[in-house]
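Worksheet: one structure, shown below.
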Amino acid sequence: MADYIEGRRAVIEALRTGMPMKCILMADNVKRDSLVNDILRKAKQRDVVVKTISRKKLDELSDRGSHQGFIAESIPFEYVNVTSIMDAAAQSAERFDGRALVVVLDHITDAGNLGAIARSAECVGASGIIIPNKRAARVTASTYKSSAGAIAHIPVSQVANITNTLERLKENGFWVAAATEHADGVIWDANLSGKIALVMGNEGEGVSRLVLESCDFAMALPQVGDIASLNVAQAATACMYEWLRQNRTEAEGKRG
Numbered sequence: 000m001a002d003y004i005e006g007r008r009a010v011i012e013a014l015r016t017g018m019p020m021k022c023i024l025m026a027d028n029v030k031r032d033s034l035v036n037d038i039l040r041k042a043k044q045r046d047v048v049v050k051t052i053s054r055k056k057l058d059e060l061s062d063r064g065s066h067q068g069f070i071a072e073s074i075p076f077e078y079v080n081v082t083s084i085m086d087a088a089a090q091s092a093e094r095f096d097g098r099a100l101v102v103v104l105d106h107i108t109d110a111g112n113l114g115a116i117a118r119s120a121e122c123v124g125a126s127g128i129i130i131p132n133k134r135a136a137r138v139t140a141s142t143y144k145s146s147a148g149a150i151a152h153i154p155v156s157q158v159a160n161i162t163n164t165l166e167r168l169k170e171n172g173f174w175v176a177a178a179t180e181h182a183d184g185v186i187w188d189a190n191l192s193g194k195i196a197l198v199m200g201n202e203g204e205g206v207s208r209l210v211l212e213s214c215d216f217a218m219a220l221p222q223v224g225d226i227a228s229l230n231v232a233q234a235a236t237a238c239m240y241e242w243l244r245q246n247r248t249e250a251e252g253k254r255g
């Protein structure tokens with residue numbers, strides 16, 4: 000399903016972060032200014048067609064009534080199947096002394112959080128991200144923005160059943176680790192070497208009971224402050240970098 004991005008700055012940001020676009024619709028009575036010129040320049044650089052239509056037609060297409068003379072139509076994000084992510088993980092394990100990371104999101108609902116997690120996942124070399132296909136965030140313009148375009152460089156798979164997918168990951172040699180503030184042990188004491196499926200829970204409820212029961216172990220981030228927990232994207236980043244630290248190669252260990 001295509002997304003419609005409304006407003007001049009929103010369209011510029013979508014172009015800047017590399018969101019695939021079918022076309023940009025521009026009102027026929029738009030007056031040229033620096034923002035308009037920036038949109039047209041960026042669209043030309045990315046070979047995105049700009050179509051001029053009547054403002055009345057643009058008003059009819061607008062969901063929020065705040066298009067400012069511009070609406071961009073995105074190309075639907077191309078999700079992959081879980082097998083593709085497992086194949087990428089196998090290649091990672093072969094290349095990096097057995098290490099591979101897959102991030103599983105248990106009904107994350109904010110597309111911005113999905114993007115922030117994708118940015119960190121791409122940075123640490125994760126093989127892919129797995130999300131539910133219902134009642135969960137999907138890849139939108141907000142995801143491209145919060146990921147700074149990284150979402151275009153990491154495979155994402157939508158699945159019907161998270162617990163069944165975790166069983167498949169186990170069959171393929173993964174240990175499944177749930178990040179939850181209710182765990183007895185902290186992540187520093189967890190063994191994250193090798194092939195790990197990191198499960199992050201919903202922004203409000205955390206990892207669901209059924210999904211938690213399918214995990215091999217649970218771990219919490221150590222805290223000394225007074226707030227309850229980190230944002231899920233922040234927590235996921237901390238967990239991913241602990242995985243990377245535990246699996247660093249000799250060459251990586253010498254960086255600094």
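Per numbering that gives the first Met the number 0, numbering through the sequence shown is continuous, rising by one, with the last residue being 255. Idealized CB from N, CA, C, for every residue including glycine. Everything numeric in this text was worked out from a predicted model, so none of it was measured.
- The continuous beta strand (DSSP E) containing residue 72 extends over residues 69 to 73.
- For residue 51, no alpha helix (DSSP H) encloses it; the enclosing beta strand (DSSP E) starts and ends at 49 to 52.
- Between residue 86 and residue 167, the alpha-carbon positions lie close to 13 Å from each other.
- By a beta-carbon distance limit of 8 Å, residue 142 does not contact residue 165. Their separation comes to about 23 Å.
- The alpha carbon of residue 172 has as its nearest neighbour, out of 27, 88, 50, the alpha carbon of 88.
- A residue is called buried when at least 16 other Cβ atoms come within 10 angstroms of its Cβ; residue 66 meets this threshold and is buried.
- Annotation: the continuous beta strand (DSSP E) that includes residue 104 extends over 99 to 105.
- For residue 211, the uninterrupted alpha helix (DSSP H) run begins and ends at 208 to 212, by DSSP.
- Around the beta carbon of residue 192, a 10 Å sphere encloses fewer than 16 other beta carbons of the protein chains shown; the residue is thus reported as exposed.
- A distance below 6 Å between beta-carbons, with the five flanking residues on each side excluded, links residue 211 to the following residues of its chain, in chain order: 177.
- Secondary structure note for residue 229: it is in no beta strand (DSSP E), with a DSSP letter that is neither H nor E.
- Within the same chain, 102, 176, 238 come within 6 Å of residue 197 by CB-CB distance, once the 5 residues on both sides are set aside.
- Across the set 223, 182, 19, 152, the C-alpha of 182 shows the shortest separation from the C-alpha of residue 214.
- Contact annotation: residue 104 and residue 124 have beta-carbon atoms that are not nearer than 9 Å.
- Around the beta-carbon of residue 51, fewer than 16 other beta-carbon atoms lie within 10 Å, marking it exposed.
- The alpha carbon of residue 162 has as its nearest neighbour, out of 121, 91, 208, 39, the alpha carbon of 208.
- The beta carbon of residue 4 sits closer than 6 Å to the beta carbons of 10, 13, 71, 140 from its chain, once the five residues preceding and following it are set aside; these are given in chain order.
- Here the alpha carbons of residue 69 and residue 24 stand approximately 6 Å from one another.
- DSSP, read as helix, strand or coil, puts residue 127 in strand.
- One Cα belongs to residue 63, the other to residue 55, and the distance between them is close to 14 Å.
- Secondary structure note for residue 3: its beta strand (DSSP E) is the uninterrupted segment 3 to 5.
- Non-local C-beta neighbours of residue 147 in its own chain, meaning closer than 7 Å and more than five positions away in sequence, comprise 16, 118, ordered along the chain.
- Residue 218 carries a strand assignment under DSSP once its states are collapsed to helix, strand and coil.
- In the displayed model, residue 79 falls within coil according to three-state DSSP, outside both helix and strand.
- In this structure, residue 116 keeps its C-beta atom at 9 Å or more from the C-beta atom of residue 219.
- DSSP places residue 176 outside any alpha helix (DSSP H); the residue lies instead in the beta strand (DSSP E), whose first and last residues are 174 to 178.
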